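When we follow the numbering used here, the leftmost residue of the sequence shown carries the number 10, and every step to the right adds one. Ideal placement from N, C-alpha and C gives every residue a C-beta, glycine not left out. Only a predicted model underlies this, so the values are computations on that prediction, with no experimental measurement involved. One structure is given here, and the rest of the page talks about it.
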Amino acid sequence: MVNGPIKTARLVVRLVEPDDVDEVIAYDRRNAGHLAAWSPTPSADVFDREKRRERIVRRRAEADADTGYGFIALFHDDPRIVAGLGLSNVVRSAFQACHLGYSVDREHEGKGLASEAVRAVVDFAFETLGLHRVMANYQPTNERSGRLLRRLGFVAEGYARDYLFINGAWRDHILTACINPRAREQ
């Protein structure tokens, strides 16, 4: 389904590949503290090169099976990862939907890169995958994420108590979704 990288004004957004393992680990090391409040606790072997490579191989197999897509975003002229994004739980049949997750490097927050990368991945979900709905959930205290999603057309659809176990506790989440603008045509 993926014919190559997605190019935006400043970024190249592409599927993560096994050869990216060192850059993925470097991104995670740089951002471990920065993302801890919003992300599930990483496994003990998160920085183990072979284990991480195996996870990336599995993630790539999900893309081949059309069940999930793991992306990285890079500047056009720099191999360092500036954002990680994923479409997970792709469901076809009558639902035609998935969940969206994303993170941005702490050094690049507030520069519009998350919006640029997320917009590219949502467009991919609608235009290339033909999905009807992309869902993204965020913690109520993560106001920056809430603003980003609203700017991109996501609408709050609910509130889930104790939704995910993050940073040592069950955290509430606001449930949002964006509907494919061409949904009525399909």
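Query                                                                                                                                                                  : Result
Just confirm the distance between the C-beta atoms of ILE90 and ARG61, as a whole number of angstroms; I'd bet it's less than 8 Å.                                     : Actually they are not in contact, since the Cβ atoms of ILE90 and ARG61 sit about 13 Å apart, beyond 8 Å.
Which first and last residues belong to the alpha helix (DSSP H) in which VAL130 is found?                                                                             : 122-132
Note down the Cα distance separating ILE15 from ALA74, rounded to an integer number of angstroms.                                                                      : 20 Å
Terminal residues of the continuous beta strand (DSSP E) containing ALA169?                                                                                            : 164-175
With DSSP as the reference, label ASP28 as helix, strand or coil.                                                                                                      : helix
According to the Cβ coordinates, are LEU197 and VAL127 closer than 8 Å?                                                                                                : Absent from the model: residue 197. The displayed extent of the chain is 10 to 195, so no value can be given.
Assign VAL164 to one of two classes, buried (16 or more other C-beta atoms within 10 Å of its C-beta) or exposed (fewer than that).                                    : exposed
Return the CA-CA distance between GLY155 and SER124, expressed in angstroms with no decimal places.                                                                    : 12 Å
Report the residue from PRO88, THR50 and ALA169 whose alpha carbon sits nearest the alpha carbon of VAL21.                                                             : PRO88
Just the Cα atoms here: how many angstroms apart are LEU96 and GLY110?                                                                                                 : 7 Å
Please specify which runs of the alpha helix (DSSP H), each continuous and at least 4 residues long, are wholly inside the stretch 53-138, giving them in chain order. : 58-74 and 122-132
Between which two residues does the alpha helix (DSSP H) harbouring LEU158 extend?                                                                                     : 152-160
By alpha-carbon positions, which one of PHE133, GLY79, GLY162 and VAL113 ends up nearest to ASP29?                                                                     : GLY79
From this set, ARG153, ASN189 and GLY13, which residue's C-alpha is nearest ILE183's C-alpha?                                                                          : ARG153
Expressed to the nearest angstrom, what Euclidean distance is found between the alpha-carbon atoms of ARG23 and THR17?                                                 : 11 Å
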